[in-house]
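> Protein chains in written order, with my numbering: chain A, 7 to 296; chain B, 2 to 290.
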């Protein structure tokens, strides 16, 4: 079973929830994998002692144009929907703008004179780790100055496998990187905070998930700051509230040091244990059948 | 002058800091470039909204009455978006990149490309200037293009009304919408927080930022969460030639102000955090002139 931990707004506590949930499940001896899908800002590994197991480079195929073979027909440039082929036939200029290329392969097919070959360009890496607790962490990490993490996220989810519980720590927002992550999830937990910003972004996430025919459950983090409008919204929309976590400077401090509250603060350990119970009761682990 | 506020890590306080900046000085144009989680309008409540439709990216759609299941499209699609399921070609909306390749090579012309028109761009006046913001429809892609449209509109109204400063509130991360936000700006302000994640994400976003301009300043927000970590980030800034603009305390009144639809500098003008923000803004806007 795959559970995505997501939020529209950044910094509501996705990574905090995902890493601690993983920690309690791992300690119980459940088969559990944590997949960091926030490839633009991956931080999950800061919270664990883990050995690298393997690494996969994620590339896409970018065209290379042989000017000597080019007949200046311009078909490649017309077929490219990303404006990645800069073409000025009068000046005999034809250049690939690699940053704009999405690697779709249309230009290669479009070329009638065999002037286009392709080369792989590195987009990022997917790395697998084993924690000292014996559980798997998979990290998607986009190369700095790349535009889109989507292919890397896809590969990371693929490499996470299907065994037991797979926790997907999603990127913020509701556009392509978020969609790519939650699309593969059986269940989605949205982490929010009870503020006007939190509510506005929660709404956007819920609407996006509904279009995808997915029903989320919600965790309200720092539940005693802000106002009551998130709780009202959840009640009105019939969205289950899985847990509330109060603001506590001690939690913020443990998190800031790259530590886990489920190792450091007993009250939070039982809160996450309860959360894990609810998730397993509610959804099953996928490994119960064994 | 265009200034962009970005962060790498989400939730460090970009929008709260932007809102405070936007309400301490002269009239300005504020553009919310976080188009999939636009929030600033909640504080500025802009009036006389001018609404424009944003035409989003393309998605491939199959006409099943024409499709002969030849499978050519499936074979060529590099986004794994096309699969034959139960004798029917199905194109996954979430995987389709809108490249047009399948629609061009289908021998039956059974694939057409459709565009979404559900996203919007708004502009209107607020109490200290003009605000422009985009709202990406749920599940839409191509947020970078909407960011460009928001920035173009911000520049247009700034020129039209003779407003010299445009303040951009950016999205988190380091990908396409962030690059669209920072390309060509005069100054960047990175808001981080004193956590391990804050520092890791700062390193990555700083690497992106300094490719675009040398004028990158750092604000460490919520310093009371962990002063030692804030010191560590400050040390990193010094070692990497990143100028530290200031350290802000953690202050729950920022949230209190947000709930009231105000910025912290408007609601609590005498708070320590408000004074530091005012100083930073005065330095930024004078240095830029």
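Beta carbons are placed, not taken as given, at the ideal position from N, Cα and C, and that holds for glycine.
1. Which residue marks the beginning of the alpha helix (DSSP H) containing residue 17 of chain A, and which one marks its end?
2. Just to check my reading of the structure: residue 13 of chain B and residue 194 of chain B have Cβ atoms closer than 8 Å, yes? What is that Cβ distance to the nearest angstrom?
3. What alpha helix (DSSP H) runs, 4 residues minimum, are completely inside the region 162 to 235 of chain A?
4. Let me check one thing: in DSSP terms, what residues is residue 170 of chain B bridge-paired to?
5. Any C-beta of chain B within less than 7 Å: which residues of the region 29 to 52 of chain A qualify?
6. Taking Cβ-Cβ distances shorter than 8 Å, what residues in chain A pair up with residue 259 of chain B?
7. Look at residue 155 of chain B and residue 261 of chain B and say whether their C-beta atoms are less than 8 Å apart.
8. Quick check on the DSSP output: the beta strand (DSSP E) that includes residue 124 of chain B runs from which residue to which?
9. What separation, rounded to the nearest whole angstrom, lies between the Cα atoms of residue 172 of chain B and residue 66 of chain B?
10. Along chain A, which residues have their Cβ under 8 Å away from the Cβ of residue 77 of chain B?
11. If we call anything under 8 Å between Cβ atoms a contact, is residue 192 of chain B one with residue 220 of chain B?
12. In its own chain, which residues sit with a C-beta less than 8 Å from the C-beta of residue 20 of chain A, not counting the 5 before and 5 after it?
13. Which value, in whole angstroms, describes the spacing of the CA atoms of residue 222 of chain A and residue 237 of chain A?
14. What is the rounded straight-line gap between the Cα of residue 1 of chain B and the Cα of residue 131 of chain A?
15. On the three-pair Cβ rule with 8 Å, is the region 71 to 83 of chain B touching the region 43 to 54 of chain B?
16. Report, in whole angstroms, the separation of the C-beta atoms of residue 245 of chain B and residue 223 of chain B, which I expect to be a contact under 8 Å.
17. Kindly indicate which residue of B/3, B/149, B/145 has the alpha-carbon position closest to the one of residue 177 of chain B.
18. For the region 203 to 220 of chain B, enumerate the residues whose C-beta is nearer than 7 Å to any C-beta of chain A, in chain order.
19. At 9 Å on the CB atoms, spell out the chain B contacts of residue 191 of chain A, in chain order.
20. Check whether the Cβ atoms of residue 83 of chain B and residue 115 of chain A sit closer than 8 Å, and answer yes or no.
21. Curious, which full-length alpha helix (DSSP H) runs of at least 4 residues does the region 70 to 148 of chain B contain?
22. Which first and last residues belong to the alpha helix (DSSP H) in which residue 136 of chain A is found?
23. Hey, out of A/212, A/234, A/96, A/86, whose CA is closest to residue 69 of chain A's CA?
24. Quick check on residue 16 of chain A - is its C-beta less than 8 Å from some C-beta in chain B?
25. Could you check which residue in A/194, A/273, A/267 has the C-alpha nearest to that of residue 288 of chain A?
26. If we call anything under 8 Å between Cβ atoms a contact, is residue 111 of chain A one with residue 77 of chain B?
27. Give a yes or no on whether the C-beta atoms belonging to residue 134 of chain A and residue 168 of chain A are separated by under 8 Å.
28. For residue 29 of chain A and residue 135 of chain B, I'd like the C-alpha separation in whole angstroms.
29. Roughly how many angstroms separate the alpha carbons of residue 88 of chain A and residue 156 of chain A, rounded to a whole number?
30. Locate the beta strand (DSSP E) running through residue 152 of chain A, then write down its first and last residues.
31. Measuring only the C-alpha atoms, how far is residue 71 of chain A from residue 106 of chain A?
32. Look at the Cβ atom of residue 36 of chain B, then the Cβ atom of residue 151 of chain B, and state whether they are nearer than 8 Å.
33. Output, in sequence order along the chain, the residues in the region 13 to 42 of chain B whose CB is closer than 7 Å to any CB in chain A.
34. Note down, in chain order, each residue of its chain lying with its Cβ closer than 6 Å to the Cβ of residue 152 of chain A, except the 5 sequence neighbours on either side.
35. May I have the straight-line CA-CA distance separating residue 7 of chain A from residue 239 of chain B, to the nearest angstrom?
36. Contact defined as beta carbons within less than 8 Å: I believe residue 41 of chain B pairs with residue 170 of chain B. What is the distance between those atoms, to the nearest angstrom?
To lay it out plainly:
1. Counting along the chain, residue 17 of chain A falls outside any alpha helix (DSSP H), and DSSP gives it neither H nor E.
2. Yes, residue 13 of chain B and residue 194 of chain B are in contact; Cβ-Cβ is about 5 Å, under 8 Å.
3. Note on the region 162 to 235 of chain A: whole alpha helix (DSSP H) runs with a minimum of 4 residues are 182 to 189, 202 to 217, in chain order.
4. B/6, B/33, per the DSSP bridge assignment.
5. Hits within the stretch, in order: 46, 47, 49, 52.
6. 201, 202, 203, 232, listed in chain order.
7. Going by C-beta atoms, residue 155 of chain B is not nearer than 8 Å to residue 261 of chain B.
8. Note, residue 124 of chain B: beta strand (DSSP E), 120 to 127.
9. Taking the CA atoms as reference points, residue 172 of chain B sits about 42 Å from residue 66 of chain B.
10. Those within 8 Å of residue 77 of chain B in chain A are 111, 115.
11. Cβ distance < 8 Å, so residue 192 of chain B and residue 220 of chain B count as in contact.
12. If we look at residue 20 of chain A and ignore the five residues flanking it on each side, its Cβ neighbours are 11, 12, 13, 44, 175, 176, 178, 197.
13. Each residue's alpha carbon lies about 14 Å from the other.
14. With chain B running from 2 to 290 in the structure shown, residue 1 of chain B is simply not present.
15. The region 71 to 83 of chain B makes no contact with the region 43 to 54 of chain B: fewer than 3 CB pairs, one atom from each, lie closer than 8 Å.
16. Rounded, the Cβ-Cβ distance is 15 Å, inconsistent with contact.
17. Checked all of B/3, B/149, B/145; the closest Cα to residue 177 of chain B is B/145.
18. The residues in question are 205, 208, 209, 212.
19. Taking a Cβ-Cβ threshold of 9 Å, none of the residues of chain B is close to residue 191 of chain A; the smallest such distance is about 12 Å.
20. No.
21. Fully contained in the region 70 to 148 of chain B are the following alpha helix (DSSP H) runs of length 4 or more, in chain order: 73 to 77, 102 to 106.
22. The continuous stretches of alpha helix (DSSP H) do not include residue 136 of chain A, which lies in the beta strand (DSSP E) extending over residues 122 to 137.
23. When C-alpha distances from residue 69 of chain A are compared across A/212, A/234, A/96, A/86, the shortest belongs to A/86.
24. Chain B, which has a Cβ nearer than 8 Å to the Cβ of residue 16 of chain A, makes this yes.
25. For residue 288 of chain A, the nearest C-alpha among the options comes from A/194.
26. Yes, the Cβ-Cβ distance between residue 111 of chain A and residue 77 of chain B is below 8 Å.
27. Cβ atoms of residue 134 of chain A and residue 168 of chain A: not closer than 8 Å.
28. About 38 Å.
29. Computed Cα separation, rounded: 16 Å.
30. No beta strand (DSSP E) contains residue 152 of chain A, which DSSP labels as neither H nor E.
31. Answer to the nearest angstrom: the Cα atoms are 15 Å apart.
32. Taking a C-beta distance under 8 Å as the contact criterion, residue 36 of chain B and residue 151 of chain B qualify as a contact pair.
33. Taken in chain order, the members of the region 13 to 42 of chain B whose beta-carbon sits within less than 7 Å of a beta-carbon on chain A are 13, 16, 37, 38, 40.
34. Only residues of its own chain outside the window of five on either side were considered, and among them 129 have a CB closer than 6 Å to the CB of residue 152 of chain A, listed in chain order.
35. Per the coordinates, the alpha-carbon of residue 7 of chain A lies some 45 Å from the alpha-carbon of residue 239 of chain B.
36. Rounded, the Cβ-Cβ distance is 6 Å, consistent with contact.
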